[in-house]
Amino acid sequence: MRRPANLSSHSATRAIDAIDLAFDVAGLKRSPRGKPSPPRRESRRDLALAEELMRPAAKPGLAPNGVRWLRVPGWDLPWLWSGFSTRRDGLSRAYCAENAKGELNLGFTAEDERETVLDNRRLLAEAVTGSAETLLVTLRQFHSNLLLRATSADAGRERPQCADGLMTDEPGLLLAVMAADCIPVLVADRKRRVVAAFHAGWRGTVKRIVEGGIGRMRLEFDSRPENLIAAIGPGIGPCCYAVGEEVISEFESQFVYARELFHEVYSRDPARKKYPMLFMTQRAPGHSHMGPEIHLDVVKANRRQLLDAGLRAKSIEIVGGCTSCQPQWFFSHRASRGHTGRMMAVIGISESARQRVGRFLN
Ligand SMILES: [Zn+2]
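With the first letter of the sequence shown counted as 1, position 215 gets the number 220 in my numbering; the numbers rise by one all the way through.
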């Protein structure tokens, strides 16, 4: 769906002046109270301004090698590696201005050099684990709910396996899912020392990749939900994620709580704010270029799946950050119309834990 660009404040003022003039000429008053009239029909969903839905990210930390990445607040288990990359501080030149610093693109995209991406991956591994040589397990992601139990044989494959979730109990492996709007979710079992990473865009979320992933952890490793901690990483936020009727009906067909995941969001365009009735439309919600858009909260959807799988609310960390409205920190597929790099969410059991099994049971 194409979204019209917001008017600049100057042209918006001119547009309002033109409408004011037309109303004057016609002898019309905008509203006797000087306020926009309330919507006539009762709203199906909660109303919000985009700003109200924004969840800012914590400030990324700086690694000794110069890479800035997001740690999960409170995740300081000595055996656990985990984090979310940003777009900053790498070697890629494919998506930045000519004189800007290089960026940390971690996906083999058409525009970037494979060697550069491999070097960027080594930088992230070093930032998170202390060693650039840590084995990295990646996937060919395709918005499925397929899961892979990873071993060292899966690390560094020329052609990674097709799946959207990874889990392992093997120390020394860094599991990675890639995203540039989709939501990455990391999970760790504090008792059994198991880790998992899931890639949850709207399609994977509808297919319950996270809920199913926790079930698979129970099957494979006897993980108990009350021992699990989870972190939901940066992705496109409810402030920006306008969706069409197709997405809404998919969620409504799958989740009894679907309605809680959507908001009607009013345009930031001041002309529309002052004259909402002029922009009303007969089209289905989310299909219109005018009027309120319907925004999806994929973070909330995945938090709900973690809760439904039995995790405690206090065990779920939302790291925050919107990939679409914080372009200084994140790659966004939608905001860049597909011309963008990829970030990674990574999790692993530290190599040193192999030698020290049993000492850090907490
Ligand atoms: Zn946003």
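C-beta: ideal position from N, C-alpha, C; glycine also.
Asked: Residue list, Cβ distance to ligand 1 heavy atoms smaller than 5 Å; Found: G242, C244, C245, C327, S329, C330
Asked: Three-way DSSP call (helix, strand, coil) for I241 in this model; Found: coil
Asked: DSSP-derived helix/strand/coil call for R127; Found: helix
Asked: As assigned by DSSP and simplified to three states, the class of A27; Found: helix
Asked: Cβ neighbours of A68 in the same chain (closer than 6 Å, five flanking residues each side left out); Found: A132
Asked: Best match in V303, G346, R229, T328 for proximity to D186 [C-alpha to C-alpha]; Found: T328
Asked: Cβ-Cβ distance between A202 and I354 below 8 Å; Found: no
Asked: Proximity winner among T139, G170, D124, L129, relative to Q146 (alpha-carbon distances); Found: G170
Asked: Endpoints, the alpha helix (DSSP H) within which A158 is located; Found: First-last for A158: undefined, no H or E at that position.
Asked: Whether R347 touches F335 by CB criterion (8 Å); Found: no
Asked: Contact set for D51: own chain, Cβ-Cβ below 6 Å, skip 5 residues either direction; Found: H268
Asked: Rounded separation between A27 and L54 - CA only; Found: 28 Å
Asked: Delimiting residues of the alpha helix (DSSP H) encompassing E250; Found: 250-259
Asked: V324 vs L75 beta-carbon contact at 8 Å; Found: yes
Asked: Residue interval of the alpha helix (DSSP H) (run including M59); Found: From DSSP, M59 is part of no alpha helix (DSSP H); its letter is neither H nor E.
Asked: Of the residues R195, K196, S90, K212, the one placed nearest H148, counting alpha carbons only; Found: K212
Asked: DSSP state of F335 mapped onto helix, strand, coil; Found: coil
Asked: CA-to-CA distance, D227 to K106, given in whole angstroms; Found: 46 Å
Asked: Within 8 Å, strictly: CB atoms of L233 and D174; Found: no
Asked: Local Cβ density within 10 Å of N70, reported as buried at 16 or more and exposed below that; Found: exposed
Asked: Continuous alpha helix (DSSP H) stretch holding F226: start and end; Found: 214-226
Asked: Own chain partners of L153 with C-beta closer than 6 Å, once the 5 adjacent residues on each side are dropped; Found: Q166, A168, L171
Asked: DSSP-derived helix/strand/coil call for L12; Found: Confidence at L12 is low in this model, with a pLDDT of 40, below 50, so the placement of that residue should be treated as unreliable; the coordinate-derived value is given next. Of the three classes helix, strand and coil, the one that applies to L12 here is coil, per DSSP.
Asked: T210 and A350 closer than 8 Å at C-beta; Found: no
Asked: Contacts around L266, its chain only, beta-carbon distance under 7 Å, and the 5 residues preceding and following it disregarded; Found: F256, L301, D302, K305, A306
Asked: Supposed close pair W80, A236 - CB separation, criterion 8 Å; Found: 7 Å
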